[in-house]
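With the numbering used here, letter number 218 in the sequence shown gets 218, and the count goes up by one each step, no holes.
Just so it is clear, CB atoms sit at the ideal spot from N, CA and C, and this is done for glycine as well.
Structure record follows, encoded as structure tokens.
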Amino acid sequence: MFRILSLDGGGIKGAFSASVLTAIENEIKAPVGDYFDLIAGTSTGGILALGLGYRIPAETIRNFYRDMGPTIFPTTGRLGLSGLFRQLFGTKHSHQDLRNALEQVFQDRKFGESKSRLIIPTYDAIRGRIFLLKTAHHERFKYDIDALAVDVAMATSAAPTYFQAAHFPTHVGSSFVDGGVWANSPVLAAIIEATCFLGVPLKDIDVLSIGTTASPFNIADNRNAGVLKWNVGMINLMFEAQAETAFKQAKLLLDDRVLRLDVMTPPGEFSLDDASADKIDRLMALGHGVAVEKANLQAVKQRFFSAPAPAFAPVQAVKP
């Protein structure tokens with residue numbers, strides 16, 4: 001089977017996904033990235049996908065969320081008066097804080113140095129179009145590989161209202177926003193990549209999809225709401241609805257060959273930018289619990305970790 005790993009967006013809730021991956025790596029005693037033919041990740045999932053592509057231990061990435069989350073997503077109290085004004089008239093958080101944190105993890109690695117095929121959704125804010133950053137796994141895909149991993153991570157995680165749009169130095173004049181605006185769950189993008197560009201029949205595809213927790217999303221109180229009442233709730237609705245749609249459509253295409261690891265939580269328990277220590281610890285605990293649940297662990301090991309995937313050989317190397 002052609003094995004795909006799909007990693008949802010979700011801000012600090014990526015601590016859940018990172019904990020799932022950490023538990024799996026601890027179980028199989030090997031890097032998760034060795035076992036997948038293609039890895040797709042959006043926003044926080046894109047950060048995880050990059051880390052797996054470079055064979056950075058999942059535990060290291062999980063600790064990144066735990067240690068750097070409060071810096072990337074400071075609470076309103078820590079922002080002070082100037083921060084409150086910034087939330088009203090600009091983005092909620094500093095993109096420079098996010099970049100500084102990502103540089104500690106990825107350093108000066110280039111996108112094309114990934115040992116796995118990667119696709120990372122983003123959105124081109126200048127031309128108004130969807131955009132996928134890709135490793136050189138097809139002869140057409142050679143324009144992104146020399147970009148810094150940090151720039152790729154910034155391009156996919158610049159969520160509207162949370163962070164400002166990200167410049168992408170290797171694409172002159174470009175400006176990208178969070179890929180979650182169209183592919184918060186990149187599972188469909190990954191299936192299309194496999195079939196249309198890598199020539200893999202649908203019948204040969206098996207997908208492991210990892211979420212970032214979900215909760216019942218009731219918008220009854222917002223039926224007649226205006227911009228101020230909706231606030232970031234509009235972003236949350238867009239991300240939640242898109243992820244649900246992608247997963248259900250993927251299941252229609254692949255029947256039972258999509259395994260989803262996620263957990264339902266009470267409404268309002270977690271948010272994209274609530275990085276309090278207690279919330280991060282709970283996200284990590286939930287992720288570990290889902291991963292080691294007997295039925296999940298048995299299915300994951302049998303379907304995706306019986307043997308490593310063939311080594312990825314890019315069609316073009318990065319510039320020295």
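The segment 109-119 makes contact with the segment 140-156: 3 or more CB pairs, one atom from each, lie closer than 8 Å. Residue pairing of M264 in beta bridges, as defined by DSSP: A214.
Counting only runs that start and end inside the segment 93-139, the alpha helix (DSSP H) elements of at least 4 residues fall at 95-106.
Within the segment 13-78, the complete alpha helix (DSSP H) segments at least 4 residues long are 14-28, 44-53 and 58-72, listed from N- to C-terminus. DSSP places S306 outside any alpha helix (DSSP H), giving it a letter other than H or E.
Using a 10 angstroms sphere on the CB of V172, the tally of other CB atoms stays under 16, which defines it as exposed. CA-CA distance, V300 to D256, rounds to 13 Å.
Annotated three-state conformation of R257 is coil, per DSSP. In the three-state reduction of the DSSP assignment, S157 falls in the helix class. The alpha-carbon separation between I4 and G41 amounts to approximately 11 Å. In the structure shown, the three-state DSSP call for D278 is helix.
Residue state for I145 is assigned as coil, using DSSP reduced to three classes.
If you keep only unbroken beta strand (DSSP E) runs of at least 3 residues inside the segment 162-194, you get 175-178.
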